[in-house]
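Below: one structure, written as C-alpha cells.
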Amino acid sequence: MKEEIRILEGREKQVYEKKSGNTEIDIACDTTSLSGSVSQRACVFCGSRVVLYPVADAIHIVHGPIGCAAYTWDIRGAVSSGPELHRLSFSSDLGEMDVIYGGEKKLYRSLIELIDQYKPNAAFVYSTCIIGLIGDDIDAVCRKVEKEKGIPVMPVHSEGFKGTKKDGYKAACTALMKLIGTGSTEGISKYSINILGEFNLAGEAWIIREYYEKMGIQVVATMTGDGRIDAIRRSHGASLNVVQCSGSMTTLAKEMEEKYGIPFIRVSYFGFEDMSKSLYDVAQYFGEKEEIMEKAKVIVREEIQRYYPEMQKFKKALTGKKAAIYVGGAFKTFSLIKALRTIGMSVVLAGSQTGNKDDYNRLKEMCDEGTVIVDDSNPVELSKFILEKEADLLIGGVKERPIAFKLGVGFCDHNHERKIPLAGFIGMYNFAKEVYESVMSPVWQFAPRKGGLQ
Amino acid sequence: MITETTAKTATQNACRLCNPLGACLAFKGIEKCVPFLHGSQGCATYIRRYLISHYKEPIDIASSNFNEETAVFGGSHNLKLGLKNVTQQYKPDVIGIATTCLSETIGDDVQMILREYEAAFGSDGPMPEMIFASTPSYQGSHIDGFHAAVRSAVKTLAEGGAEKHLVNIFPGMISPADIRYLKEIFTDFGLPFVLLPDYSQTLDGGPWAEYHRIPKGGTPRNAIASTGSAAASIEFGSTLEASKSAAGYLEERFGVPRLDMAMPIGIRETDRFFEIMEKLTEKPAPEKYLDERRRLVDAYADGHKYVFGKKAIVYGEEDLVISIASFLDEIGIVPVLCASGGKSGLMRNKLGELIPDMEEKGIKVRHGVDFVDIENETAVLQPDLLIGNSKGFTMSKKSRLPLLRIGFPIHDRFGGQRLHHLGYRGTQELFDRIVNTIIEQRQNASPIGYTYM
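Chains C and Z, in that order, are what the protein sequence lines are.
According to our numbering, the first sequence holds residues 1 to 454 in order.
According to our numbering, the second sequence holds residues 455 to 907 in order.
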C-alpha cells in the first residue's frame with residue numbers, strides 16, 4: 001500500500017524544493033533537533049570527539065559512563081604515520097556510586113595511570129552529559145594532572161545535551177587553542193601553511209600534504225589529520241591557514257587570525273575542480289613567488305591527465321543518473337554536486353546535518369530545478385525523497401547506507417568510516433569508481449523497485 | 455578461587471556496551487515498535503550506528519533530544535512532544551521507551567509522564583502501547599538493558615487467564631538466524647509458542663518496493679499479551695536471575711512455570727533443551743533434529759584430533775561465554791580464560807555447574823574486564839585461538855592469534871546476523887568453523903603447502 005509521507009509539524013521550514021516561483025529560501029537551521037524526529041545527528045560530544053580524534057600521540061579519555069567511549073572506539077578511518085594512541089578507547093567508566101559521590105577522583109586516578117602506562121604527549125578529557133549534571137570540576141583535575149605529569153591535559157567541555165554537534169566543534173577548537181602558541185616556531189618558512197579540517201581518512205591528508213610540498217610550501221601542522229601535539233603547538237608560526245570542512249574548523253581559523261594574525265582561506269579537496277582551486281588559491285596567496293603557481297599548474301595538469309581516460313568511461317555509464325546527498329557538513333555538498341556533474345550525474349536531493357543559512361543559499365544557487373534541500377533530515381524524509389525523485393545513488397554515512405540498499409539504490413560512503421581516500425585527484429577517481437561500481441552493479445535487477453520479485 | 459576482576463581504574467577498550475543499547479535491540483523484536491531513548495540525541499545516533507554496522511538494516515531509534523533547559527527543568531515536555539512526533543511519523547503499535555544516564559540522573563519520573571501523556575491525548579483515538587524500561591547507562595551493561603526491556607514488555611502487556619496450549623520462549627540476545635532456528639524447532643514439534651523478542655525479520659529482512667516506516671516482523675502485541683496464560687516459559691541465560699527476567703515475572707505474577715537453562719550450545723546443553731521440549735509436548739524430537747545430532751556427533755569424531763588439547767580464550771556477554779565454554783569443554787578444547795565486561799557475579803558458579811571440574815582443567819574466569827586485561831592474559835596463557843565478537847580483533851592482530859567471530863557485534867566481517875550458535879545446527883556451524891580455523895592456521899604455518907589437511 002502506497003501512502004503519502006508527510007513532513008513532521010515543526011520541520012516544514014527545514015525542507016525546501018527549488019521550483020520556479022519558489023525563489024525564497026529561508027531554511028530554518030542551526031537549531032537543535034526536533035524531539036522524536038529520529039535525527040541523523042549525534043551530539044556535542046560527537047562533534048568534539050570527531051575533530052580531536054586523529055591527534056595520534058595524545059590519549060583521549062571520555063569521562064562518563066561506558067557507552068560514549070565504547071561507541072567511539074576506533075570509529076574513524078583516520079590513520080597515523082606513527083603513534084596510534086587515538087585508536088584506543090579510554091573511559092573513566094562511571095558507575096552509580098560515582099554519579100552519586102562525584103567522579104573527580106576516578107578521573108584523576110584514570111589519567112595518572114593512563115599517562116604512566118602510555119606516555120602520551122598530551123591528554124584530552126571529554127566530559128559527557130552526566131558530568132554537566134553532577135558538576136565534576138574537570139578543569140581542576142586537568143590542571144592538577146598537568147602539573148604532576150608535565151604534559152598538557154586539556155578539558156573538552158562536550159556535554160552531549162549542551163547544544164548541537166557544532167558546539168562540540170567549538171569545544172574542540174577551544175582545547176586546541178590552549179596548545180597553539182606554546183611551541184617554537186623556529187625553522188618555519190615564509191611559504192608555510194597549516195591544513196585545518198582534514199582528518200587523514202584513508203591517508204587523505206598525506207595526499208594533500210604532498211601536493212603542497214611539491215609546490216614548495218611547508219606544511220607546519222595538519223592539526224587534526226595524522227595530528228601531533230608538537231606540530232599543533234608551533235602551528236601559529238605558519239603564514240596561512242587552509243581550512244576544509246568549514247563547519248568544524250572555521251572557529252579555530254578565526255581565533256588564530258585574531259590572536260596570531262594568520263589569515264585563512266576555505267578550500268575543498270573533493271573533485272577535480274575544487275581540488276585544483278585549493279592549490280591555485282594557496283599559490284595565489286604566495287603570489288610573489290611565481291614558481292609556486294607554476295608548480296601547481298603542473299600538478300593539476302599531470303594529475304588530471306592521469307585520470308581523465310578512466311573518468312570518461314565512468315561518465316559514459318553514469319550520465320543521466322540521479323544522486324541524493326545527505327552528509328554532515330554542507331560545505332561538502334558543494335563539492336559533491338560539482339564532482340557528480342563531472343561524471344554526468346545530477347543531484348535531486350542535497351542535505352546536511354549542520355549547514356547554516358549561507359550554506360543553504362549557496363546550495364540553492366548551485367542546484368537544478370526540482371532539487372530538494374533539507375536540513376537535519378531523518379530516515380523517513382530521506383526515503384520519501386529518494387523514492388519520489390527516483391534517485392540512483394545516495395551519498396551519506398553508515399546510518400544512511402541501509403536506507404539506500406533496502407530501496408535498491410546505490411550508495412557511496414562519504415563519511416568518516418571510509419577506507420578509500422576520496423580527497424585529491426586520485427580521490428576523485430576513487431569516488432567515480434565507487435559510484436560506478438555501486439550504481440552499475442547487476443544486483444539491482446533483483447530489487448523490487450527495479451522489477452525484481454517482492 | 456575468587457573470580458578475578460580488573461585492577462585498573464580506567465576502562466580501556468571496553469568489553470561491554472551500555473544499558474540502553476540492549477533495550478533498543480530488544481524493542482526491535484516487538485511488532486510495529488519504535489525504540490525511543492529518553493536522553494541526548496547522541497545516544498540514539500551512536501547506538502543506531504553501532505547496531506546498523508552489524509545488522510545492515512535500517513534501524514530507527516527516536517530520541518527526546520535533551521537540551522540544557524530539559525536538563526534543568528526535566529524531560530517531560532520533550533518526551534511528550536517526541537512521543538507525539540513518533541506516533542505521527544511512524545504510526546507504531548508500540549513505543550519502547552528506555553532511559554539513559556541523563557534522564558535517570560535528573561530523576562525524571564517517566565511512568566508519571568506517560569500517564570500524563572495518555573490522559574492528554576488518549577481521547578484522540580487509539581494510542582500506541584508504551585513500554586518503559588529503566589536503563590541507566592551507569593549500571594550494568596547492554597545485556598541488562600536487553601532483559602529489562604523484555605521483562606517490561608511482558609509486565610506491560612501480559613494478561614492472565616485460562617491456561618493455553620502455548621509455551622513462551624525468551625532466548626536472550628541471540629542472532630536472527632538463531633531465532634529462526636528456534637521457531638523452526640517449535641513449529642516442527644507442533645508446539646504453539648511466543649518467542650520474545652523476535653527481531654529475526656526486522657533486523658534481517660528482505661528488500662523493499664516501498665518505504666516501510668517500521669520493518670515487517672517482530673512479536674505481535676497480542677502474542678505478548680498471551681504470555682501470561684502460557685503453560686510454561688523457557689528462558690535461556692545462565693546468569694539471568696528470575697527477579698530480572700520476563701519468565702521470572704510471569705511465574706511470580708501468573709504462575710507460569712519458568713524453565714531456565716543455559717543457552718543451548720554444544721550437544722549436552724542442546725540435549726537438555728530437547729528434553730524440555732519432549733517433556734512439554736510429550737512427543738519425541740522430530741527425526742530431522744535427531745539427524746542433525748547424528749551428523750554433529752559424526753563431525754565431532756571426524757574433527758576431534760584437530761581440536762583436542764587446544765586452548766581458547768572466550769569473551770563477550772557472560773551467558774554466551776558460559777555456553778561456548780561448555781561446548782568447548784565437550785570437544786576437548788580448554789577455555790583457559792572465560793572473560794566478560796559484565797559483572798553479574800554469577801559467572802564462575804554458573805560455569806561450574808556446567809563444567810564441575812573446571813579448576814582441575816585450568817579454566818579461569820574473569821568478570822568486569824576490558825580488552826586490555828584480556829590481551830595481557832593472552833601473553834600469559836598462550837591460547838591457540840580467541841573466540842568472541844569482532845572487537846577482539848585489535849588484540850588478535852597484536853598477539854597474532856586467530857579470532858573466531860561469534861555473537862555481537864561483528865563489524866569487520868559479513869553476515870554476522872546470519873551466524874548460528876544455538877542447538878545442534880548452531881553447534882555444527884561453530885564446530886566446522888573452529889576446526890577450519892585451526893586447519894587454516896596449520897596450513898599457512900607450514901612451508902610445504904599441504905593440499906590435504
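Ideal placement from N, C-alpha and C gives every residue a C-beta, glycine not left out.
All values reported here derive from a predicted model rather than from experimental measurement.
Is residue i helix, strand or coil when you go by DSSP?
i	result
C:Cys245	coil
Z:Cys487	strand
Z:Glu689	strand
Z:Gly496	helix
C:Met1	Caution applies to C:Met1, whose pLDDT of 45 falls short of 50 and renders its modelled position unreliable; the value that the coordinates give is listed next. Residue state, collapsed to three classes: coil.
C:Leu336	helix
C:Leu394	strand
Z:Met455	Caution applies to Z:Met455, whose pLDDT of 49 falls short of 50 and renders its modelled position unreliable; the value that the coordinates give is listed next. In this structure, Z:Met455 counts as coil in the three-state DSSP scheme.
C:Ser346	strand
Z:Asn467	coil
C:Tyr126	strand
C:Tyr16	strand
C:Ser35	coil
Z:Val819	strand
Z:Glu583	strand
Z:Thr848	helix
C:Val380	helix
Using CA atoms only, rank isn't needed, just tell me which of the options is closest to residue i.
i	options	result
Z:Phe643	Z:Ala739, Z:Leu657, Z:Lys545 and Z:Val488	Z:Ala739
Z:Leu855	Z:Lys742, Z:Leu505 and Z:Leu835	Z:Leu835
C:Ile115	C:His60, C:Pro65, C:Ala404 and C:Asp139	C:His60
Z:Glu741	Z:Ala612, Z:Ile639 and Z:Leu649	Z:Ile639
C:Phe355	C:Leu363, C:Val348 and C:Pro379	The question names Phe, yet the displayed sequence has Gly at residue 355 of chain C. It is C:Leu363.
C:Ser35	Z:Ala573, Z:Thr459, Z:Tyr504 and Z:Thr524	Z:Thr524
Z:Leu556	Z:Ile549, Z:Gly806, Z:Ser588 and Z:Lys765	Z:Ser588
C:Ser441	C:Asn415, C:Gly408 and C:Leu453	C:Gly408
Z:Ile841	Z:Asp745, Z:Ala766, Z:Asn803 and Z:Leu808	Z:Ala766
Z:Glu558	C:Ser89, C:Ile304, C:Leu85 and C:Ile134	C:Ile134
C:Pro263	C:Leu176, C:Ser192 and C:Met223	C:Ser192
C:Phe161	Z:Glu689, Z:Val488 and Z:Ser518	Z:Ser518
Z:Ile628	Z:Leu568, Z:Val751, Z:Ala480 and Z:Ile567	Z:Ala480
Z:Tyr743	Z:Phe727, Z:Ala755, Z:His758 and Z:Glu736	Z:Phe727
C:Phe90	Z:Gly691, Z:Glu613 and Z:Arg470	Z:Arg470
C:Asp230	C:Arg41, C:Val55 and C:Val15	C:Val55
Z:Ile730	Z:Ala755, Z:Ala468 and Z:Phe690	Z:Phe690
Z:Ser697	Z:Ala684, Z:Gly528 and Z:Asp714	Z:Asp714
What in chain C is Cβ-close to residue i, meaning under 8 angstroms?
i	result
Z:Ile560	Leu133
Z:Cys487	Chain C residues near Z:Cys487: none, gap ~14 angstroms exceeds 8 angstroms.
Z:Lys462	Glu113
Which residues in chain C sit within 9 angstroms of residue i, going by Cβ to Cβ distance?
i	result
Z:Lys510	Arg401, Pro402 and Phe405
Z:Cys478	Residues of chain C passing the Cβ test: none, with the nearest at roughly 12 angstroms.
Applying a beta-carbon distance threshold of less than 7 angstroms, which residues of chain C neighbour residue i?
i	result
Z:Val540	Gly36
Z:Leu535	Ser35 and Gly36
I want to verify the contact list: residues of chain Z whose CB lies under 9 angstroms from the CB of residue i, in sequence order.
i	result
C:Phe161	Gly493, Ser494, Gln495, Gly496, Asn519, Phe520, Asn521, Glu522, Thr524, Ala525 and Leu556
C:Ala140	The premise fails here: C:Ala140 is roughly 18 angstroms from chain Z at the closest Cβ pair, so nothing lies under 9 angstroms.
Counting only Cβ pairs nearer than 7 angstroms, list the residues of chain Z close to residue i.
i	result
C:Leu8	Asn539, Gln542 and Gln543
Can you tell me whether residue i sits near the ligand NAP, meaning its C-beta is under 6 angstroms from at least one heavy atom of the ligand?
i	result
Z:Pro718	For the structure depicted, the ligand NAP is absent and the ligand set is empty, with no information on it obtainable.
At least 3 beta-carbon pairs within less than 8 angstroms: the segment 238-256 of chain C vs the segment 192-202 of chain C: yes
What alpha helix (DSSP H) runs, 4 residues minimum, are completely inside the segment 726-798 of chain Z? 741-761 and 772-784
May I have a chain-ordered list of the alpha helix (DSSP H) segments no shorter than 4 residues that lie completely inside the segment 587-647 of chain Z? 596-611 and 630-643
At which residue ranges does the segment 189-267 of chain C contain complete beta strand (DSSP E) runs of 3 or more residues, listed in the order of the chain? 192-196, 218-221, 240-243 and 264-266
Mind pulling the beta strand (DSSP E) runs of 3 or more residues that sit fully within the segment 255-328 of chain C? 264-266 and 322-327
Please list the segments of the beta strand (DSSP E) lying wholly inside the segment 54-115 of chain C, counting only runs of 3 or more residues, in order along the chain. 58-63
Jot down the residue ranges of each uninterrupted alpha helix (DSSP H) in the segment 399-438 of chain C, minimum 4 residues, whole runs only, in chain order. 401-406
Contained alpha helix (DSSP H) runs [length at least 4] in the segment 155-185 of chain C, N- to C-terminal order: 165-179
Should the segment 199-216 of chain C be regarded as contacting the segment 70-90 of chain C, the criterion being three or more beta carbon pairs within less than 8 angstroms? yes
Just checking, does the segment 660-669 of chain Z make contact with the segment 366-385 of chain C on the three C-beta pairs under 8 angstroms criterion? yes
Touch check for the segment 743-756 of chain Z and the segment 595-608 of chain Z: three-plus C-beta pairs under 8 angstroms? no
With a floor of 4 residues, list each alpha helix (DSSP H) that falls wholly inside the segment 498-574 of chain Z, ordered by position along the chain. 522-527, 530-544 and 555-560
Cβ pair count under 8 angstroms reaching 3, the segment 845-861 of chain Z against the segment 821-833 of chain Z: yes
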